[in-house]
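Comments concern the structure below.
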Amino acid sequence: MRTTSGTRGFLPEIQALRAVAVTLVVLFHLWPHRFTGGYVGVDAFFVISGYLITSHLLREVDATGRLDLAAFYARRARRLLPASLAVLLVCLVAALFLLPVELRAVNAKEILASAFYVQNLYLATKAVTYSASNDVASSVQHFWSLSAEEQFYLFWPSLIMASLFVARRWLRRRTTTSIGMSLLGLTLLSFAFSVWFTDTNQSAAYFITPTRAWEFGLGALVVLVQRRWSVSDRGRLVLRWAGVAGLAVAGLTFTEATVFPGYAAALPCLATAAVIVAGDTGARDPLSALVRARATQWLGNVSYSVYLVHWPLIVFTPYVLGSVLSWPAKVGIIGVTLVLAHLSKRYVEDATRHVPVLVRSPRRALSAALAGMLVIGVGVGASLAQVQRQEDQLAQAIAQGGTRPCFGAEAMARRVDCPRAVTADEDTPVVKADAPWGGLPGCRIVPGTPLAVRCYWGPGTPAKTVAVIGDSHAEQWRSALGLIARRRNWAIIEMYRGGCAANYAPAVVFEGRAQTPDSCLGWSHSLSARLQAFHPSLVLTTAFVRATQFAPGSSGAQGFLDIWSEWQRFAKVVVLADIPGTGGKNQPQCLAIHAGHPLACSTDRATALPDDDLHRAARLSSRTAHPVRLVDLNRYFCDHPACYAVIGGVPVYYDSDHMTRRFAVTLTPYLEAALA
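With our numbering applied, the sequence shown has no gaps in its numbers, which climb one by one up to 1770 at the end.
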């Protein structure tokens, strides 16, 4: 019988699995619509890591009867930190020269989170905060998986030590049994939590360690299985082929719509575990030649460096080329990645991993690691300070530019007099002050009604009370409405909920995420019940309907009609058409990539202004005895062929679907005229 993985030193199948895993990840990042499930490569890495680290720990227990935690963490630091800190430092410097100012701030914060291995937690908090910022993927977003891995290893050795204590005290030194019981319990508990939390909050569940711990635990369980049981030659052959098939199926059929991790992650994780258990299947297996091929083994050997390097190249290359990534550019990124990975492995990873002074002294190794992390922290602080200075300078320039003719929406209103309405003489960066949300001075939460905010700036009694209802696409009009309200002595009642259109449709799916019955629908009923108490003369509403699906399909328009009809009993209702879409482009990023050529970021009118349930409902209402009034200001965003990213020297979009506060302010006179 051939040897199993548990009794061999070098494991070529592990290197082959690493090669497969990193290939899946890189192809997914470069061609996400072709290799739709390539993200499962990360799950394969988690299982492999759990297997290898647990093997090392148990060998130490066998040899010494104990674990040296300082030595363990020093080995991890020598293995991982030199290359990762080098990449973080390069990304920090590259961002200074390539990224626009606002994206640079986001990038710096994520570099800091990555340096201290909390990137996954940082991304999880952003994933559950709708419209928190205009972020796009940073150059270090992929560090989330390294953070999850290190967080797991903060407590896993301690769990083994606790199991050793239990074994010696109560289980007659049955070490494997004690560790196995602890590990099995942890793995099952984590898997159950992963299934539940993925169903509850998939965006955050993707990143956090408790939903991923079972994947490391599965790899660790393989070690214990190999210590107790052996597999026949035929069994190993079946396991290897089944594992390869499982990874292929997951990598090619899973998509971003797959509910993940949850139950779905079991397929790539069990497939990876099966290949590890299979071990060496012998020369008769056709896969053995591929597993042992020099190219496969080399790629597995540099897989960590490939993972570190490939994503920053994907992020920064468009800014260098001044265009989005084409096929030749993507192939070039693969080539550069492999070269840099080889150099990193040889001159960074291997060169620092075996430095005698660090090998001999875990304390010095850990001190050096902490020093490197602090250097990154200082660099991030300096970068953020520079960003703030540039933000302040840009804000001053913006304030001065607002007084010139043909500024913002005025350029579209006077196209004949403003021939350069949709081009730009200079770069027009988006800054933090352009964020369309954030409270205005003079706005206060209504006591006893946390759903509502009241804004009033005038003396005495308001001339009119206007209620503004909807999601963040209603909220983005806040600055313009505030200016109108001040001039006309109006009071404004704001009632917003991110991701929720005010609608009585029974089922809502927003950006692919199903809303629970008591979320959007419950909010809609609650606000309608409370709205009348404010005695509004006018109710203004809009929503990001393009991202919303109603079930059944015909219920969306009817849901709008039903809630508008209820409001019309006590107020006039004005429906504000949603602003044009961008086809999913993050416009600040697009403008930075195509610096000086804003027309490259335009969106075809048919794509930007599709028919939606809000418009359909307004048309249906026009045929009734009491129609709502539709206000459509999209002529200030678009002409006949296209809708634009820069108008009158002002960037229109803060991200991929919200407009900048700057452009909203330039729309004020046209919104005021429509509401009058």
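All residues carry an ideal CB built from backbone N, CA and C; glycine is no exception.
Which residues bound the alpha helix (DSSP H) around C1500?
-> Per DSSP, C1500 belongs to no alpha helix (DSSP H) and is neither H nor E.
Go to K1424, then tell me how far its beta strand (DSSP E) extends in each direction, as first and last residue.
-> That residue, K1424, is in no beta strand (DSSP E); its alpha helix (DSSP H) goes W1421 to S1438.
Give me the Cα-Cα distance between M1506 and H1688, rounded to the nearest whole angstrom.
-> 22 angstroms
Of all the options Q1487, F1501 and P1523, which has the alpha carbon lying nearest to the alpha carbon of P1513?
-> F1501
Taking Cβ positions, are L1361 and V1338 nearer each other than 8 angstroms?
-> no
If you draw a straight line from the alpha carbon of G1542 to that of V1740, how long is it in whole angstroms?
-> 42 angstroms
Are the Cβ atoms of V1141 and A1359 separated by less than 8 angstroms?
-> no
Tell me which same chain residues have a C-beta within less than 8 angstroms of the C-beta of V1222, skipping the five on either side of it?
-> Low confidence applies here, because V1222 scores a pLDDT of 47, under 50, leaving its location unreliable; read the following figure in that light. Result list for V1222: N1295, S1297 and A1298, in chain order.
For A1365, which residues from the same chain have a beta carbon less than 6 angstroms from its beta carbon, with the 5 sequence-adjacent residues on both sides left out?
-> G1337, G1340 and L1341
Hey, is R1548's beta-carbon within less than 8 angstroms of any beta-carbon in chain C?
-> Among the chains of the structure shown, chain C does not appear; only one protein chain is present.
Given that a residue counts as buried once 16 or more other Cβ atoms are within 10 Å of its Cβ, and exposed if not, what is E1350?
-> exposed
D1751 in three-state terms, based on DSSP = coil
Would the stretch 1227 to 1244 and the stretch 1200 to 1211 be scored as touching if the rule is three or more Cβ pairs under 8 angstroms?
-> yes
On the DSSP bridge assignment, give the partners of K1666 in chain order.
-> L1632
Report yes or no: do the stretch 1648 to 1656 and the stretch 1578 to 1589 share at least 3 C-beta pairs separated by less than 8 angstroms?
-> no
Answer with buried or exposed for S1257, where buried requires no fewer than 16 other C-beta atoms within 10 angstroms of its C-beta.
-> buried
Within the stretch 1668 to 1712, ranges of the alpha helix (DSSP H) (whole runs, at least 4 residues) | 1681 to 1687 and 1699 to 1702
Which first and last residues belong to the alpha helix (DSSP H) in which W1584 is found?
-> Looking at the DSSP string, W1584 is not in any alpha helix (DSSP H); the run it does join, the beta strand (DSSP E), is W1584 to Y1590.
Just list the alpha helix (DSSP H) runs in the stretch 1291 to 1375, keeping only unbroken ones of 4 residues or longer that don't cross its boundaries, in chain order.
-> 1296 to 1299, 1307 to 1322, 1327 to 1347 and 1360 to 1372
At 4 residues or longer, and completely inside the stretch 1507 to 1591: list those alpha helix (DSSP H) runs for me, N to C.
-> 1566 to 1569 and 1572 to 1582
8 angstroms Cβ cutoff met for L1670 and L1714 = no
Simplified DSSP state of C1737, which is helix, strand or coil | strand
Range covered by the alpha helix (DSSP H) that runs through L1724 = L1724 -> not in any alpha helix (DSSP H); beta strand (DSSP E) instead, spanning R1723 to V1725.
Residue interval of the alpha helix (DSSP H) (run including Y1398) = S1397 to L1415
Locate the alpha helix (DSSP H) running through G1616, then write down its first and last residues.
-> C1614 to L1625
Anyone know if the C-beta pair for W1323 and T1281 falls short of 8 angstroms?
-> no
Whole-angstrom distance between V1396 and V1332, CA atom to CA atom | 28 angstroms
In chain order, what residues of the same chain lie with their CB nearer than 7 angstroms to the CB of V1453, ignoring the 5 residues before and after it?
-> none
At a cut of 8 angstroms, does the stretch 1693 to 1702 reach the stretch 1672 to 1685 through at least three beta carbon pairs?
-> yes
Could you give the uninterrupted runs of the beta strand (DSSP E) lying entirely in the stretch 1114 to 1191, keeping only those of 3 residues or more?
-> none
Where does V1744 fall in DSSP's three states?
-> strand
Pull up the distance between the alpha-carbon of D1156 and that of V1325, whole angstroms please.
-> 23 angstroms
Excluding the five sequence neighbours on either side, which residues of its own chain have a C-beta within less than 6 angstroms of the C-beta of V1403, listed in chain order?
-> T1431, L1434 and A1435
So G1536 packs on S1566, CB below 8 angstroms; how close in whole Å?
-> The pair is not a contact, with the Cβ atoms about 21 angstroms apart (cut-off 8 angstroms).
From the DSSP output, in three-state form, read off A1226 for me.
-> Confidence at A1226 is low in this model, with a pLDDT of 42, below 50, so the placement of that residue should be treated as unreliable; the coordinate-derived value is given next. Note: A1226 maps to coil in three-state DSSP.
A1802 - containing alpha helix (DSSP H), residue span | Given a span of 1095 to 1770 for the chain in the structure shown, any question on residue 1802 remains unanswerable.
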